[in-house]
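Visitor: Sharing a structure, written as structure tokens. Questions coming.
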Amino acid sequence: MKKSILLAIAVLFFFSCASSESTERNAEEPGLMDKLIEKASSEEGQKAIKMGKEKLQDPETQEKLKSMMSKDKKKKDPTALPGQ
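If you read the sequence shown in numbering that gives the first Met the number 0, its first letter stands for residue 0, the second for the next number, and so on.
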């Protein structure tokens, strides 16, 4: 009985330390969104955005996206019968 109580206390202590460490780390480091905005604002990010826009204008890429979207719609269609 004493071992299980000590184990429970040790586990609770471990989780409390782990959760406080992550909040301390978050306060010191910029968030994910801040990093993404900073990266997108950089010259390298602007080049990547421009290249992505050009790639989306490609008819072959548009056809691939359309086929992917139609597959997703078929999977999500609640009225479709199984096996179709």
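Heads up, the beta-carbon is just placed ideally off N, CA and C, and yes, glycines get one too.
(1) Can you give the beta carbon distance from residue 44 to residue 38, rounded, assuming they're within the 8 Å contact cut?
(2) Can you list the alpha helix (DSSP H) stretches of 4 or more residues lying completely in the segment 27-76, in chain order?
(3) Work out the CA separation of residue 55 and residue 61 for me, nearest whole Å.
(4) Going straight from the alpha carbon of residue 59 to that of residue 33, what length do you get?
Guide: Put simply:
(1) Sure, about 5 Å apart at Cβ, within 8 Å.
(2) Those alpha helix (DSSP H) runs which fall completely within the segment 27-76 and span 4+ residues are 31-40, 42-55 and 58-75.
(3) One alpha carbon belongs to residue 61, the other to residue 55, and they sit about 6 Å apart.
(4) Their Cα atoms are separated by approximately 34 Å.
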